[in-house]
Amino acid sequence: IAGQVAGVQKMLAEDRYCVEVLTQIAAVRSSLDALGVELITRHLETCVVGHGTGTEHPCAKPMSKEQLLAEVRTTLAQFLK
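Whatever position you read off the sequence shown (first residue = 1), add 1090 for my numbering.
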């Protein structure tokens, strides 16, 4: 993703055609979305489903089921904006 962003910066510095830059920006956004889906999936697997089993991330806070659901709801809302 960092390489893609650097490529966009280079394209802008080279004053490349707008449509080419926009196409690359779309590719960056797609990569970020894919990364976000992977992170959400891992979070659900380890921190939500695995909550309280000792397999969750070391930074995971102890939460009730209601708090976990609220966190997932908030996280998805932010991610899907």
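C-beta: ideal position from N, C-alpha, C; glycine also. In this text the structure is predicted, and so the values were computed from the model without any measurement.
What would DSSP say about C1149, mapped onto helix, strand or coil? coil
If we count the other Cβ atoms within 10 Å of its Cβ and call it buried at 16 or more, is V1098 buried or exposed? buried
Coarse secondary structure for H1141, derived from DSSP in three states: coil
Nearest-angstrom Cα separation, counted from K1151 out to V1095: 33 Å
How would you write the range of the alpha helix (DSSP H) that L1166 sits in, first residue to last? 1155–1169
From H1147 to A1103, what does the alpha carbon distance come to, in whole angstroms? 41 Å
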